[in-house]
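K.L.:
Let me give you the structure first, and then I'll get to my questions.
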Amino acid sequence: MNDACFASLPLCFFTSSCVFASGGAYSAPPPQVAELFLKLNIYRTPFLIYHYYSYYNLILNYFNIILVKYFCACDNSVIGRLVMANILVYLLDGKIYINLTNRCTNDCIFCLRKDKSDVKGQELWLDNENSTAKDVIDQFEDIIKKHVTLHSSPFTEVIFCGYGEPMMKLDVLKEVAKHIKENYPDTKIRVNTNGHANFVYKRNVVPELKGLVDEFSVSLNGATKEEYDELSQPKFDEAYDEMKKFIKACSDEGISVIASVVEGYKGRHLDLEKCEQIANDLGAKFRVREWIPAGY
Ligand code: SF4
259 MNDACFASLP
269 LCFFTSSCVF
279 ASGGAYSAPP
289 PQVAELFLKL
299 NIYRTPFLIY
309 HYYSYYNLIL
319 NYFNIILVKY
329 FCACDNSVIG
339 RLVMANILVY
349 LLDGKIYINL
359 TNRCTNDCIF
369 CLRKDKSDVK
379 GQELWLDNEN
389 STAKDVIDQF
399 EDIIKKHVTL
409 HSSPFTEVIF
419 CGYGEPMMKL
429 DVLKEVAKHI
439 KENYPDTKIR
449 VNTNGHANFV
459 YKRNVVPELK
469 GLVDEFSVSL
479 NGATKEEYDE
489 LSQPKFDEAY
499 DEMKKFIKAC
509 SDEGISVIAS
519 VVEGYKGRHL
529 DLEKCEQIAN
539 DLGAKFRVRE
549 WIPAGY
C-alpha cells in the first residue's frame with residue numbers, strides 16, 4: 259500500500275459507508291412502498307427522490323471501485339471482491355471451465371487466487387456460495403452459443419476448475435456433468451481436484467461419478483507428507499494420505515486419473531522421480547506443471 263492509497267482510504271470509507279447503508283446499488287422501490295405512494299396520490303415526487311437517491315448510490319459505488327483501482331492498484335483481491343460478478347463458467351484457450359466455488363480444504367502457497375482476482379480478465383471470486391446447478395447450466399448454455407458463433411466449431415472439453423475445489427459442491431457438479439453428458443455426449447469432462455472429497459463426505463464418492471467424469475487430475479504435490487504440507491497447506495492432518503487414497507479409488511473404478519505436481523515454485527524443487535513412482539503405483543499417469551508467475 260502506498261501513500262496515495264492511505265490518503266484515499268477516508269474517501270473510500272465514506273463512499274463505501276454510503277453505499278453499504280443504502281443497499282449498495284440502484285434498485286426500484288419495494289412494491290409496498292410504491293403502492294403506498296400511489297394510495298396517497300403523491301407517487302411522483304417521492305418516487306423521483308427514491309430513484310435519484312439510488313442512482314446517486316450506484317455512481318458512488320463505481321466511484322469507489324475506481325478510487326480503489328487507481329490508488330490501491332497493489333491489492334487486486336480488494337478490487338476483485340468489489341467487482342464480484344459470479345462467473346461460474348468461462349472460456350480459456352477454446353476449453354470451457356466451470357468455477358463452482360471459492361471454498362477449498364487446501365491453501366496452496368502457489369494458488370493463483372492469492373495473487374490475482376482474475377484469469378485472463380475473468381473475475382473468479384464469487385459473491386456467494388449459493389449458485390445452483392441451474393445457474394451453472396444457464397451460464398454454460400450462454401457460453402456455448404457465443405463459442406459456436408465465435409469459433410464455428412463445437413468445444414471438446416469441459417474442465418471443473420477455478421478459484422476453489424470443485425468437489426466441495428459435489429451435487430451441483432454431478433447435475434451439471436449429467437446435463438453435459440446428456441446434451442453433448444462427445445465432450446470430455448475433467449475435474450481438477452485436491453483429492454480430499456472422500457474425507458469431506460466420509461464415503462467413497464468416486465463410483466457416483468463414473469460415466470459423468472472422464473478424467474480426474476489430482477494434485478499430488480509432493481513425494482512426502484512434509485513436502486505436500488509445505489506446498490498445499492491443507493486444513494486437516496490426514497490430507498496427504500487421503501489424496502493418495504482418492505487417486506487409488508479413481509484408478510480402481512477405471513476412471514482415468516492424472517497425479518500432478520507444481521514444480522519450481524519460487525525455487526522449490528520436488529523429487530520428481532519419486533513423485534512419478536508414487537503416481538504410477540497408485541495407477542495414475544503423472545504430470546509436471548512448471549510454475550509460472552502469471553499462472554498460465
Ligand atoms: S487446491 Fe487448488 S484452489 Fe485449493 S488452494 Fe490449492 S490451488 Fe488453490
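Just so you know, we're using this note's numbering here: the sequence shown kicks off at 259 and counts up by one. From the three backbone atoms N, C-alpha and C, an ideal C-beta is built for every residue, glycine too.
Which same chain residues end up closer than 7 angstroms to residue 505 when comparing Cβ atoms and leaving out the 5 residues on each side of it in sequence?
P.N.:
Excluding sequence neighbours, residue 505 sits near 453, 476, 515, 517, 540, 542.
K.L.:
Exposed or buried, which one is residue 401 when buried takes at least 16 other CB atoms within 10 Å?
P.N.:
Buried, by the Cβ-count rule.
K.L.:
What residues are listed by DSSP as bridge partners for residue 441?
P.N.:
Bridge partners of residue 441: none, in fact.
K.L.:
Rounded to whole angstroms, what's the CA-CA distance from residue 385 to residue 501? Just pull it up for me.
P.N.:
Their Cα atoms are separated by approximately 29 angstroms.
K.L.:
With residue 532 as the anchor, note down where its beta strand (DSSP E) starts and where it stops.
P.N.:
No beta strand (DSSP E) contains residue 532, which is instead part of the alpha helix (DSSP H) from 530-539.
K.L.:
Ordered along the chain, which non-local residues of its own chain (more than five positions away) have a Cβ less than 7 angstroms from that of residue 481?
P.N.:
For residue 481, where only same-chain residues beyond five positions count, the Cβ hits under 7 angstroms are 528, 529, 532, 533, 536.
K.L.:
Do you know how far the Cα of residue 394 is from the Cα of residue 544?
P.N.:
About 30 angstroms.
K.L.:
Where DSSP assigns a beta bridge to residue 517, which residues make up the other side?
P.N.:
Residue 517 pairs with 476, 544.
K.L.:
Helix, strand or coil: which one does DSSP assign to residue 341?
P.N.:
At residue 341, the pLDDT of 46 sits below 50, so the modelled position is not reliable and the matter cannot be decided from this model.
K.L.:
Can you tell me which of 354, 510, 358, 372 puts its alpha carbon nearest to the alpha carbon of residue 490?
P.N.:
Ranking 354, 510, 358, 372 by Cα distance to residue 490 puts 372 first.
K.L.:
Out of curiosity, what's the CA-to-CA distance linking residue 353 and residue 347?
P.N.:
Going by the C-alpha atoms only, they are around 10 angstroms apart.
K.L.:
Which whole-angstrom value describes the C-beta separation of residue 471 and residue 438, a residue pair presumed to lie in contact below a C-beta threshold of 8 angstroms?
P.N.:
Rounded, the Cβ-Cβ distance is 10 angstroms, inconsistent with contact.
K.L.:
Out of 496, 351, 450, state which residue places its alpha-carbon closest to the alpha-carbon of residue 431.
P.N.:
Here the closest residue by C-alpha is 450.
K.L.:
Got a sec: does the ligand SF4 put a non-hydrogen atom nearer than 6 angstroms to the Cβ of residue 423?
P.N.:
At least one heavy atom of the ligand SF4 is nearer than 6 angstroms to the Cβ of residue 423, so yes.
K.L.:
Could you check whether the Cβ of residue 365 sits closer than 6 angstroms to any heavy atom belonging to the ligand SF4?
P.N.:
Because some heavy atom of the ligand SF4 lies under 6 angstroms away, the Cβ of residue 365 counts as near it: yes.
K.L.:
Tell me where the alpha helix (DSSP H) around residue 458 begins and ends.
P.N.:
455-459 is the span of the alpha helix (DSSP H), which, as asked, contains residue 458.
K.L.:
Taking the beta strand (DSSP E) that residue 350 belongs to, which residues open and close that run?
P.N.:
It spans 347-350 - the beta strand (DSSP E) in which residue 350 sits, taken as one unbroken run.
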